[in-house]
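Enquirer: Residue numbers (UniProt numbering): 1 to 539.
We put the CB at the ideal spot given by N, CA and C, even for glycine.
Take a look at the following structure, please.
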Amino acid sequence: MKLPLLVLLATFLAPGPGPAVQGKAQEFESHGDALEPEFMYAERPKRAVDTAVPVAPATGAGAAASQTDKCSYTFIVPQQKATGAICVNSRSPEGQVDTRVNKQEVEVLNGELQKQRRQIESLQQLVEVDGGVVNEVKLLRKESRNMNSRVTQLYMQLLHEIIRKRDNALEVAQLENRVLNHTTEMHQLVGRYRDLEHKYTHLASLASNQSAIIVQLEEHCRRTHGSGGERERERPAPRARQPLPPQQQPPVMPQHPPQRPQSPMSPARPYHPPTYTRNSNNQLTNEIQSDQNAKALLQPMPTMPYGTQSSSSTDKPSGPFKDCLHALEEGHTNTGMYLVKPENANRLMQVWCDQRHDPGGWTVIQRRVDGSVNFFRNWETYKQGFGNIDGEYWLGLEHIYWLTNQGNYKLLVTLEDWSGRKTFAEYASFRLEPETEFYKLRVGRYNGNAGDSLTWHNGKQFTTLDRDHDMYTGNCAHYQKGGWWYNACAHSNLNGVWYRGGHYRSRYQDGVYWAEFRGGAYSLKKVTMMIRPNPNTFH
């Protein structure tokens with residue numbers, strides 16, 4: 001207990017710090033921001049501190065002595081925790097501070113260097129990865145170039161294929177034209193053959209007549225040079241044989257051969273076949289005829305049936321009649337050509353009247369029987385009509401218009417296939433609109449056993465190769481090789497190409513077909529369109 005008391009006493013008796021000590025304290029405070037000062041911790045143990053602490057003298061004499069002599073005291077301070085300010089020695093050497101600062105900077109630089117090394121390593125890894133990507137991109141570019149070259153090759157092959165198919169299409173078209181031309185030539189040859197056949201028949205008849213005349217002349221000579229009794233007995237014999245030659249009297253027989261070529265019948269027979277073949281030749285060409293040719297075809301037609309028909313068909317003067325029913329009512333019961341003049345029409349026309357089909361009075365407006373007439377025609381030809389009136393022909397849109405607009409008419413379509421099966425389709429009303437409406441079709445209720453393949457065309461305008469009025473984007477007449485009331489395109493095509501044998505192969509359905517009877521790929525053998533007044537039906 002004595003030791004602490006002495007320490008406290010020395011502390012109280014010790015003088016306050018001098019100016020130097022205070023200056024040091026101020027200097028410490030002013031240098032508080034110095035780097036790395038030397039700290040003196042209170043908790044750090046001190047071995048011994050020798051501090052000179054003056055002690056006040058007890059008396060006045062002792063005070064004088066203390067001014068001259070200084071006393072030193074040694075205090076032992078116990079170890080304790082620092083609770084106040086920490087004293088720092090601000091006068092540490094500058095070299096040490098710089099050294100410490102340099103060490104910190106080196107450490108900072110080392111940290112930055114390590115960081116940069118790590119960044120460099122990461123960049124190297126990225127570069128390696130990017131290098132792989134670049135290689136992959138190069139490979140992809142190479143593959144892309146290869147694919148482009150392959151696509152170019154395929155495109156060139158496609159172009160070559162398209163060009164080849166186009167050339168093939170041109171070749172097919174040329175072959176079709178050649179086939180049509182050969183068909184035309186064949187039909188021309190058939191017409192010439194018919195002409196030659198007619199001429200041969202005529203010459204054969206002349207030769208037979210001349211041979212008969214020669215026989216009669218020989219008999220006459222024998223009678224002249226023989227005895228009178230023999231001549232009298234032989235005269236009845238030539239008379240019995242006189243029905244063989246066309247002339248009966250022997251004196252007239254020598255004059256018969258020169259007169260026969262000049263007789264009215266002899267020029268009619270040779271004249272008829274040339275007009276027939278000329279018309280058929282003009283109709284079988286693939287080129288569309290001009291209007292003048294169409295009119296020329298109609299002019300010689302009056303002489304054709306008269307030269308070919310028997311006397312029974314022209315036993316009475318014909319017409320002009322209003323229609324074939326009018327001719328039937330006038331007593332003309334024979335089927336053949338008649339002269340017709342419709343009401344309110346300032347024109348005469350020649351039509352074929354079928355008086356045999358029950359109940360008679362049918363006016364034939366279209367007929368297909370043997371393919372001898374080409375129905376692939378232009379508008380004007382279909383308007384005026386064409387063909388052979390006793391064979392294949394088309395009456396003409398204008399003629400049909402005037403006939404059907406003078407009253408109520410019905411339509412009868414007769415069909416026959418190559419096996420001999422016959423069917424029919426009848427429509428209660430039938431008429432055409434004028435040319436301003438492009439001869440629009442109007443048909444009524446259907447009846448028959450062939451199937452209804454014409455109602456689909458009801459209300460449609462007539463279409464030809466040079467006049468497109470159908471509902472199709474293209475021209476149906478071009479594809480189906482004929483003129484018809486096409487819709488888009490045809491459920492029936494009775495003016496198409498006449499193919500032999502029924503089933504045909506073609507790029508388009510261009511045959512003579514009735515879709516509800518044997519289908520569109522079957523070309524019928526015979527087709528007839530006929531009209532007749534129907535008073536029980538109103539438009």
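Whole-angstrom Cβ separation of G407 and W394, contact assumed at under 8 angstroms?
Expert: Residue numbering aside, residue 407 sits at position 407 when the sequence shown is read from its first letter. Residue numbering aside, residue 394 sits at position 394 when the sequence shown is read from its first letter. About 22 angstroms; that fails the 8 angstroms criterion.
Enquirer: Considering only the alpha carbon of each residue, which of R141, N344, L325, K341 lies closest to T335?
Expert: Against the sequence shown, residue 335 aligns to sequence position 335. Closest by alpha carbon: L325.
Enquirer: Strictly by DSSP, which residues pair up with W514?
Expert: For the purposes of this step, residue 514 is taken as residue 514 along the sequence shown, with counting starting at 1. Its beta-bridge partners are S492, R518.
Enquirer: If contacts are defined as beta-carbon pairs under 8 angstroms, then V364 and T528 qualify, I think. What distance do you get, rounded to the angstrom?
Expert: The residue you call residue 364 lines up with position 364 of the sequence shown. The residue you call residue 528 lines up with position 528 of the sequence shown. Indeed, because the Cβ distance is near 6 angstroms, the residues count as touching under 8 angstroms.
Enquirer: Out of W498, V497, G474, Y499, state which residue places its alpha-carbon closest to the alpha-carbon of N487.
Expert: Here residue 487 refers to the residue found at position 487 of the sequence shown. Closest option to N487, Cα to Cα, is G474.
Enquirer: Beta strand (DSSP E) containing E416: first to last residue?
Expert: As a first step, residue 416 must be located in the sequence shown, where it is residue number 416. Segment 409 to 416, the beta strand (DSSP E) holding E416.
Enquirer: Should G331 be labelled buried (16 or more other beta-carbon atoms within 10 Å of its own) or exposed?
Expert: The residue labelled residue 331 in the question sits at position 331 within the sequence shown. Burial call: exposed.
Enquirer: DSSP puts W362 in a beta bridge; with which residues?
Expert: Numbered from its first residue, the sequence shown carries residue 362 at position 362. D354.
Enquirer: Comparing alpha-carbon positions, which option in D417, Y446, E343 lies nearest I400?
Expert: The residue given as residue 400 occupies position 400 in the sequence shown. Nearest option by C-alpha distance: E343.
Enquirer: Looking at H160 and S372, is the spacing between their C-beta atoms short of 8 angstroms?
Expert: To locate residue 372, count along the sequence shown from 1; it is residue 372. To locate residue 160, count along the sequence shown from 1; it is residue 160. Cβ atoms of S372 and H160: not closer than 8 angstroms.
Enquirer: Quick one: what's T528 bridged to in DSSP?
Expert: By 1-based counting over the sequence shown, the position of residue 528 is 528. According to DSSP, which records beta bridges pairwise, T528 is partnered with R367, T414.
Enquirer: Under DSSP, the alpha helix (DSSP H) around L395 begins and ends at which residues?
Expert: Along the sequence shown, one-based indexing puts residue 395 at 395. L395 -> no alpha helix (DSSP H), and no H or E assigned at all.
Enquirer: I need the straight-line Cα distance from R347 to E329, nearest angstrom please.
Expert: Along the sequence shown, one-based indexing puts residue 347 at 347. Along the sequence shown, one-based indexing puts residue 329 at 329. So the alpha carbons of these two residues sit roughly 22 angstroms apart.
Enquirer: According to DSSP, is L203 part of a helix, a strand, or is it coil?
Expert: Numbered from 1 along the sequence shown, position 203 holds the residue referred to as residue 203. Three-state result, L203: helix.
Enquirer: Does DSSP put N209 in a helix, a strand or coil?
Expert: Here residue 209 corresponds to residue number 209 of the sequence shown, with the count starting at 1. DSSP, read as helix, strand or coil, puts N209 in helix.
Enquirer: Do L524 and Y513 have their C-beta atoms within less than 8 angstroms of each other?
Expert: By one-based count along the sequence shown, residue 524 stands at place 524. By one-based count along the sequence shown, residue 513 stands at place 513. Taking 8 angstroms as the Cβ cut-off, L524 and Y513 qualify as a contacting pair.
Enquirer: Rounded to whole angstroms, what is the Cα-Cα separation between A294 and P359?
Expert: Translated into positions along the sequence shown, residue 294 becomes position 294. Translated into positions along the sequence shown, residue 359 becomes position 359. Bear in mind that the predicted position of A294 carries a pLDDT of just 38, short of 50, making it too unreliable to give a figure here.
Enquirer: Taking L328 as part of the alpha helix (DSSP H), name the residues at either end of that continuous run.
Expert: On the sequence shown, position 328 is the one that residue 328 refers to. Its alpha helix (DSSP H) spans residues 324 to 329.
Enquirer: Would you grab the beta carbon distance between S429 and K460 for me? Rounded to a whole angstrom, and I think it's under 8 angstroms.
Expert: To locate residue 429, count along the sequence shown from 1; it is residue 429. To locate residue 460, count along the sequence shown from 1; it is residue 460. So it is not a contact: roughly 16 angstroms between Cβ atoms.
Enquirer: How many whole angstroms separate the CB atoms of K526 and E416, which I take to be in contact at a CB cut-off of 8 angstroms?
Expert: On the sequence shown, position 526 is the one that residue 526 refers to. On the sequence shown, position 416 is the one that residue 416 refers to. About 4 angstroms separates the two Cβ atoms, so the contact holds.
Enquirer: Around the Cβ of D167, are there at least 16 other Cβ atoms within 10 angstroms (buried) or fewer (exposed)?
Expert: Residue numbering aside, residue 167 sits at position 167 when the sequence shown is read from its first letter. It is exposed - the Cβ of D167 has fewer than 16 other Cβ atoms within 10 Å.
Enquirer: Please give me, in chain order, every unbroken run of the beta strand (DSSP E) with length at least 3 that falls completely inside the segment 113 to 145.
Expert: none
Enquirer: If we define contact as Cβ-Cβ less than 8 angstroms, is Q119 a contact residue for chain C?
Expert: Going by chain labels, chain C is absent from the structure shown, which holds only one protein chain.
Enquirer: Taking the continuous alpha helix (DSSP H) assigned at A477, which residues delimit it?
Expert: Translated into positions along the sequence shown, residue 477 becomes position 477. 476 to 480 is the extent of the alpha helix (DSSP H) around A477.
Enquirer: In chain order, what residues of the same chain lie with their CB nearer than 6 angstroms to the CB of T201, ignoring the 5 residues before and after it?
Expert: Residue mapping note: residue 201 aligns to position 201 of the sequence shown, counting from 1. Counting only Cβ-Cβ distances below 6 angstroms, and skipping sequence neighbours, we find nothing.
Enquirer: Pick helix, strand or coil for P243, following the three-state DSSP scheme.
Expert: Counting from 1 along the sequence shown, the entry for residue 243 is found at position 243. Because the pLDDT of P243 is 38, which lies under 50, any placement of that residue in the model is unreliable, and the number read from its coordinates should be weighed accordingly. In this structure, P243 counts as coil in the three-state DSSP scheme.
Enquirer: Sort out for me which residues DSSP pairs N447 with in a bridge.
Expert: Position 447 of the sequence shown, counted from the first residue, corresponds to residue 447. Note: N447 sits in a beta bridge opposite E426.
Enquirer: Express the C-alpha separation of L175 and H182 in angstroms, rounding to a whole number.
Expert: Locating residue 182 in the sequence shown gives position 182, where the first residue counts as 1. Locating residue 175 in the sequence shown gives position 175, where the first residue counts as 1. Distance between the alpha carbons of H182 and L175 is about 10 angstroms.
Enquirer: Over what stretch of residues does the beta strand (DSSP E) that includes T74 continue unbroken?
Expert: In the sequence shown, the residue the question calls residue 74 occupies position 74. Taken as a continuous stretch (DSSP letters only), the beta strand (DSSP E) holding T74 covers 73 to 75.
Enquirer: Am I right that A515 and S453 are in contact with their C-beta atoms under 8 angstroms? What's the rounded C-beta distance?
Expert: In the sequence shown, counting from the first residue as 1, residue 515 sits at position 515. In the sequence shown, counting from the first residue as 1, residue 453 sits at position 453. So it is a contact: roughly 5 angstroms between Cβ atoms.
Enquirer: Less than 8 angstroms separating the beta-carbons of M530 and L397?
Expert: What you label residue 530 is simply residue 530 of the sequence shown in a count that begins at 1. What you label residue 397 is simply residue 397 of the sequence shown in a count that begins at 1. The answer is no: Cβ separation not under 8 angstroms.
Enquirer: From the DSSP secondary-structure annotation, give me the bridge partner or partners of M337.
Expert: Along the sequence shown, read from residue 1 onward, the residue named residue 337 stands at position 337. The partner list for M337 (beta bridge, DSSP) reads W352.
Enquirer: Using the beta-carbon count (16 or more within 10 Å), is Q255 buried or exposed?
Expert: Taking the sequence shown and counting its residues from 1, the one referred to as residue 255 is at position 255. Summary for Q255: the model assigns pLDDT 36, below 50, so the residue's position carries little reliability, and this model does not support an answer.
Enquirer: Determine the DSSP secondary structure at Q442, reduced to helix, strand or coil.
Expert: To locate residue 442, count along the sequence shown from 1; it is residue 442. A small fix is needed here, since residue 442 is Arg in this sequence, not Gln. Looking at R442 - three-state DSSP - the assignment turns out to be strand.
Enquirer: Taking 6 angstroms as the limit between beta carbons, can you name the residues of its chain near K440, skipping five residues before and five after?
Expert: As a first step, residue 440 must be located in the sequence shown, where it is residue number 440. Closer than 6 angstroms at Cβ, skipping near neighbours: E433, Q461.
Enquirer: Answer with buried or exposed for E426, where buried requires no fewer than 16 other C-beta atoms within 10 angstroms of its C-beta.
Expert: Numbered from 1 along the sequence shown, position 426 holds the residue referred to as residue 426. By the Cβ neighbour-count rule, E426 is buried, with 16 or more other Cβ atoms within 10 Å of its own.
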